[in-house]
Each structure stands twice: as C-alpha cells, then as structure tokens.
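K.L.:
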Amino acid sequence: MDHVRALKCLICGREYRPDEIEYVCPLHGDQGIVDVQYDYASIAGRISPRTLAKDRDYTIWRYRPLLPIEPTSPVPPLSVGWTPLYRAGRLAAGLGLEHVWVKDDGRQPSASFKDRASAIAVVKGRERKARIIATASTGNAAAALAALCASVSQPNVIFVPESAPPAKIAQLLVFGSTVILVRGSYDDAFALCGQACQEFGWYNRNTGYNPYMSEGKKTAALEICEQLGWDAPDRIFVSVGDGCIIGGLHKGLRDLTALGWIGRMPKLMGVQAAGSAALYDAWKNGTAASDMAPIHARTVADSISADLPADRIKALAAVRETGGAYIKVSDDDILAAIPALARGAGVFAEPAGAAAYAGLAKAVAESLVDPSERIVVLATGNGLKDIASARKSVGEPYVVDKDLADVRRIVDEASLQQSIGVE
Ligand SMILES: *Cc1c(COP(=O)(O)O)cnc(C)c1O
Ligand SMILES: [Zn+2]
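Numbered per this note's numbering, the sequence shown spans residues 1 to 423.
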C-alpha cells in the first residue's frame, strides 16, 4: 500500500506504519481511533476526474486508488456503491427549497449503506488471512458483512442485540453467518465482539475501532461529488448513530479537497434521534469527544441507537470542521418522514434512513438553510428492513368482500375519480 502514508492517532497525533498496528493507537487502547493518511501526489498519478469519466466500473472499486487496500487484492463480486442520486423537485418545493437530491443507499446488495464498509472489511480480513471476520452491529453492518462474506465464502461471526428487527436477523441467518443474539444493548454487543476477537484471533470489523470502515463509507461522498459533476453540494444531511458514516463523508470530502477536485467543503448536517442524541448534546454544549459519557439510548430508529457513539471523535470533527450542525428529531418526526420521503420522492427508507429527511425538514423550519442551497439527503437503509415501523407510520388499507359495490364505495369515499381527473 504505497499510497497509504500512515495511520494517525486522533488523540495523540502519533503516526504508525500500516503494518505496525492493526486497529487503534496502542498508547490509547480502544479510544485511540486512527485515521488513514494518504500520499495524494502518488494517488493523483493513478486517478483523476478525466480517468473516472471513462471508467465503466460503477461500484466503489472505481475509487480503488483512494482506498486503503493492496493494488492486487481481489474484491468481492457483489455490486457495492454507485447508488442513484435522484433530483427530488417535489420534496424541495414542499420545503420551499430549490435543489434537493436524495441518494438511495437502500439500493445496496444488503439494502443499507453499511455494504460500503463491510466490502472493505472483507478485503482487509482476507489480506490478513483471517479465518473469521466478526462484527457487532445494530443489524445493518452485520447484514452487510454477512452478504459480502457469503459472496466469497468467508466464515463470519455476528453479534447483534436481541432487539434487532426480525428482517435484519433473517438476513444474517439466510447468508449463513454464525449469529449470536446478545441479551443487552448494541454497546454490550460491541464490547463482547471485541473480547471474542481478542480471545480467538478473529478479524474485527467493529465500527469506530477498525480504521478502514470510514474509508469504505467515504465512497458515498466521492460518488455524490462525481454524480454532481464535481460541483460539491452546500449541505449533506445524514443520520448519525456511531458517527462512522458522517466521519467517512468528511474523509471523502477532505480527500477531494486535497486532490483539488472540488472547490468547496459541504457542510455536514448530522441528524440524531432525540432518544439517542449523545453527539447532538456534545456539539451543542461544546463537549470534547474524550469527555462524552454514555447515555441510555432509546429510539424507533434502531440503526442510530448508540449509548456512547464509537466514532465520536470523527463525528464531532465532521460537523465542527465543516461549519455544519447537529439536529435532533423525535421518533414521531422520524416515523412521519417515512411516508413523506416515499410519497415525495419514491424512496422507501427504514426509520434511520428517513431520519435524515426529518432533519432537513426541521432545519428548514428553524431557518438553518438558505432556499437556494444545493442539498443532498442520504437515505441510508431500505424500508423493507423494518416493516413494523413502516406500518406504524401509515394508515390501514381497505378490506372488501368479493363485491364491486364495496369497491365503488371506496372510490367515492376516497374521491378517487376526482383526484385522477385532476392529474
Ligand atoms: C448504521 C446506520 C446509520 C448510522 O451510521 P453511523 O456510522 O452509526 O453513524 C444510519 N442509517 C442506517 C440505515 C444505518 O444502518
Ligand atoms: Zn495515541
């Protein structure tokens, strides 16, 4: 990996060679999150907007020179990345804005954003010749690891809280992972997975511990800028749990700035559930990441439920250094955002995905955004992941006997003929 200069501790600034440490800075233990440092001059010789314009590989691997993997490492066959960026004119108009795009990461192989990181975990694990790759997850990181491991026949062990939505647990079992349901929170599953990896020598994919996960997640920022013709948006709204996605987006944008491919840094807008708002509170109160204390997280948006966000250093820096903001939204706002996003843009997101849109609506209500700004909303997970929450967010269907008269009553009651006429 000639293009990776060092792994830099975000607490003490000490730099390590990539072969010197596996995960964190040894001086700071589990807290010592490191950031991958690149040699941009060498990268610029291998990739540019011009070469990308001719590249037909529409997956995250089109950015391979910007990823922390060996040039010759095989990559999994599943098609990860290059998810659609839809212009959402009706959503924009409804909010009084001019330019809104929705990036649908529910369209990934395992139906969430996490495939971007788990794809890198599989490549790194196999570079290390790991017999087993393991992760703790609220569900989606696990489903992503399960799918990507299945695609290359890689044994893996998954720790998820017992409360994870059934669809996510079903994914794990179908892909053939060894699934361990933990009677406890996500944070408990995270700690147990770490202990097991140490005890049994497994490769640990845990978010905010494995330094390469934010490198996979940064590909969304690279895609957004390329899909917008390298004219970076003004703001990106994303929901935040552990903070790895928002930290990854920041990293991708910093890469593009260092390479000179974009001219301005978008403001990163982190959206948290009111019941899981440790980063919102820290940002609001000016608390340092190292002084944050665990809360007791509870929210309908299971994917962004975290007591002490594992990637808090990167997540706070992402918002502070880009002049963005943290926003918190209630569970009711999140549920209401599911049909609003689906009906306004045709994108069905799970609660954590729709939360980003709820955050945009709140930011508009609080006049935090200018109507002329170019805004991207990341829909991070597919609505089919959590049907119970989706059903809570909408009304009930009509039920009829096998009788056209019943249908006629519904047509009248729902004023269907009139509304079709208006269209
Ligand atoms: C994991 C996840 C998030 C939050 O990502 P973090 O890196 O934990 O902040 C948001 N939405 C969905 C659907 C996720 O799976
Ligand atoms: Zn350190």
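In this text, a Cβ means the ideal position worked out from N, Cα and C, and glycines have one as well.
Since this is a predicted model, take the numbers as computed values, not measurements.
So, H99 versus R374, is the Cβ gap smaller than 8 Å?
P.N.:
As a working note, residue 99 is residue 99 in the sequence shown. As a working note, residue 374 is residue 374 in the sequence shown. Closer than 8 Å, so yes.
K.L.:
Kindly list the residues whose CB is nearer than 6 Å to the CB of E15, restricted to its own chain and excluding five residues on each side of it in sequence; keep chain order.
P.N.:
Counting from 1 along the sequence shown, the entry for residue 15 is found at position 15. Hits under 6 Å: A6, K8.
K.L.:
Tell me whether S372 is buried or exposed, calling it buried when 16 or more other Cβ atoms sit within 10 Å of its Cβ.
P.N.:
The sequence position of residue 372 within the sequence shown is 372, counting from 1. S372 comes out exposed.
K.L.:
Would you grab the beta carbon distance between T299 and S305 for me? Rounded to a whole angstrom, and I think it's under 8 Å.
P.N.:
Locating residue 299 in the sequence shown gives position 299, where the first residue counts as 1. Locating residue 305 in the sequence shown gives position 305, where the first residue counts as 1. Their Cβ separation, rounded to whole angstroms, is 5 Å, which keeps T299 and S305 in contact under 8 Å.
K.L.:
Alpha carbons only, please: which of A220, A358, E22 is nearest the one belonging to Q198?
P.N.:
For the purposes of this step, residue 198 is taken as residue 198 along the sequence shown, with counting starting at 1. Looking at the Cα atoms, E22 is the closest of the given residues.
K.L.:
Quick check for students: name the residue ranges of the alpha helix (DSSP H) that lie wholly in the region 72 to 146, counting only runs of 4 or more.
P.N.:
89 to 95, 115 to 127
K.L.:
Does the region 316 to 324 come within contact of the region 76 to 93, defined as at least 3 CB pairs closer than 8 Å?
P.N.:
Flag = no, the region 316 to 324 and the region 76 to 93 do not touch.
K.L.:
Can the beta-carbon of N156 be found closer than 8 Å to that of A134?
P.N.:
Walking along the sequence shown from the start, residue 156 turns up at place 156. Walking along the sequence shown from the start, residue 134 turns up at place 134. It is a contact, given that the beta carbons lie within the stated cut-off.
K.L.:
Could you pull out every residue in the same chain whose Cβ sits closer than 7 Å to the Cβ of V329, ignoring the five residues on either side in sequence?
P.N.:
Working through the sequence shown from its first residue, we reach residue 329 at position 329. Cβ within range, chain order: V271, A273, A274, A355, A358, G359, K362.
K.L.:
For the candidate residues I158, A93, A146, D242, whose alpha-carbon lies nearest to that of P294?
P.N.:
As a position in the sequence shown, residue 294 is number 294, starting the count at 1. It is D242 whose Cα lies nearest to the Cα of P294.
K.L.:
Taking the runs of the alpha helix (DSSP H) that are 4 residues or longer, which of them lie wholly in the region 3 to 74?
P.N.:
40 to 44, 49 to 54
K.L.:
Going by beta carbon distance, what residues of the same chain come within less than 8 Å of D30, once the five residues before and after it are set aside?
P.N.:
If you number the sequence shown from 1, residue 30 lands on position 30. Counting only Cβ-Cβ distances below 8 Å, and skipping sequence neighbours, we find V24, G194, Y209.
K.L.:
In this structure, does DSSP put I169 in helix, strand or coil?
P.N.:
For this step, residue 169 is matched to residue 169 along the sequence shown. Helix, per DSSP.
K.L.:
Note down the Cα distance separating A315 from P49, rounded to an integer number of angstroms.
P.N.:
As a working mapping, residue 315 is identified with position 315 in the sequence shown. As a working mapping, residue 49 is identified with position 49 in the sequence shown. Using only the alpha carbons, I get a separation of about 28 Å.
K.L.:
Just to check, is the beta-carbon of C9 closer than 7 Å to a non-hydrogen atom of ligand 2?
P.N.:
As a working mapping, residue 9 is identified with position 9 in the sequence shown. Yes; taking the cut-off as 7 Å, the Cβ of C9 has a heavy atom of ligand 2 nearer than that.
K.L.:
Tell me the rounded alpha-carbon separation between C149 and V122.
P.N.:
Sequence index remark: in the sequence shown, residue 149 carries index 149 (1-based). Sequence index remark: in the sequence shown, residue 122 carries index 122 (1-based). Their backbone Cα atoms lie some 7 Å apart in a straight line.
K.L.:
How many Å lie between V422 and A342 at the Cα?
P.N.:
Here residue 422 is taken as the residue at index 422 of the sequence shown, counted from 1. Here residue 342 is taken as the residue at index 342 of the sequence shown, counted from 1. Below a pLDDT of 50, predicted positions are generally treated as unreliable, and V422, at 47, falls in that range; the measurement from the model is reported next regardless. In a straight line, the C-alpha of V422 is about 21 Å away from that of A342.
K.L.:
Use the C-beta contact count for N204: other C-beta atoms within 10 angstroms, 16 or more gives buried, fewer gives exposed.
P.N.:
The sequence position of residue 204 within the sequence shown is 204, counting from 1. Buried is the call here.
K.L.:
Straight-line CA distance for A117 to L222?
P.N.:
Stepping through the sequence shown from its first residue, residue 117 is reached at position 117. Stepping through the sequence shown from its first residue, residue 222 is reached at position 222. Cα-Cα distance, rounded: 14 Å.
K.L.:
Tell me whether V240, by its Cβ, gets closer than 7 Å to a heavy atom of ligand 4.
P.N.:
Ligands displayed in this structure: ligand 1 and ligand 2; ligand 4 is not among them.
K.L.:
Sort out for me which residues DSSP pairs V376 with in a bridge.
P.N.:
Against the sequence shown, residue 376 aligns to sequence position 376. Looking at the DSSP assignment, V376 forms a beta bridge with W101, I236.
K.L.:
If we define contact as Cβ-Cβ less than 8 Å, is R264 a contact residue for chain C?
P.N.:
The structure shown contains no chain C, having only a single protein chain.
K.L.:
Compute the minimum distance between the beta carbon of R343 and the heavy atoms of ligand 2, and state whether it is under 7 Å.
P.N.:
Here residue 343 refers to the residue found at position 343 of the sequence shown. The answer is no for R343.
K.L.:
Quick one: grab the DSSP three-state call for L335.
P.N.:
As a first step, residue 335 must be located in the sequence shown, where it is residue number 335. The answer is helix: DSSP assigns L335 an H, G or I state.
K.L.:
Let's see if you can read the secondary structure: which residues bound the beta strand (DSSP E) around G270?
P.N.:
Sequence index remark: in the sequence shown, residue 270 carries index 270 (1-based). Counting along the chain, the beta strand (DSSP E) containing G270 begins and ends at 267 to 273.
K.L.:
Quick one: Cα of D281 to Cα of M269, how far?
P.N.:
As a working mapping, residue 281 is identified with position 281 in the sequence shown. As a working mapping, residue 269 is identified with position 269 in the sequence shown. Going by the C-alpha atoms only, they are around 14 Å apart.
K.L.:
Who are the near neighbours of T287 in its chain, counting only those whose CB is closer than 8 Å to its CB and skipping five residues on each side?
P.N.:
Residue 287 sits at position 287 when you count from the first residue of the sequence shown. Cβ within range, chain order: D281.
K.L.:
In this structure, what does DSSP give as the bridge partners for G359?
P.N.:
Working through the sequence shown from its first residue, we reach residue 359 at position 359. BP columns for G359 are empty, so no partner.
K.L.:
Is it buried or exposed for L10, if we count other Cβ within 10 angstroms and need 16 for buried?
P.N.:
Mapped onto the sequence shown, residue 10 falls at position 10. Buried, since its Cβ has 16 or more Cβ neighbours within 10 Å.
K.L.:
Would DSSP call T178 helix, strand or coil?
P.N.:
Translated into positions along the sequence shown, residue 178 becomes position 178. Reduced to three states, the DSSP call for T178 is strand.
K.L.:
Quick one: grab the DSSP three-state call for F348.
P.N.:
Translated into the one-based positions of the sequence shown, residue 348 becomes position 348. Coil, per DSSP.
K.L.:
Please report how far the alpha carbon of D333 lies from the alpha carbon of A352, in whole angstroms.
P.N.:
In the sequence shown, the residue the question calls residue 333 occupies position 333. In the sequence shown, the residue the question calls residue 352 occupies position 352. Taking C-alpha positions only, D333 is separated from A352 by approximately 11 Å.
K.L.:
Per the DSSP calculation, F159 is bridged to which residue(s)?
P.N.:
As a position in the sequence shown, residue 159 is number 159, starting the count at 1. A136, I180.
K.L.:
Specify whether the region 100 to 109 and the region 80 to 88 touch according to this definition: at least 3 beta carbon pairs, one from each stretch, less than 8 Å apart.
P.N.:
yes
K.L.:
Which residues does DSSP list as the beta-bridge partners of V329?
P.N.:
The count along the sequence shown starts at 1 and reaches residue 329 at position 329. A273.
K.L.:
Using 7 Å as the cut-off, classify the Cβ of C193 as near or not near the heavy atoms of ligand 1, replying yes or no.
P.N.:
The sequence position of residue 193 within the sequence shown is 193, counting from 1. No, ligand 1 has no heavy atom inside 7 Å of this Cβ.
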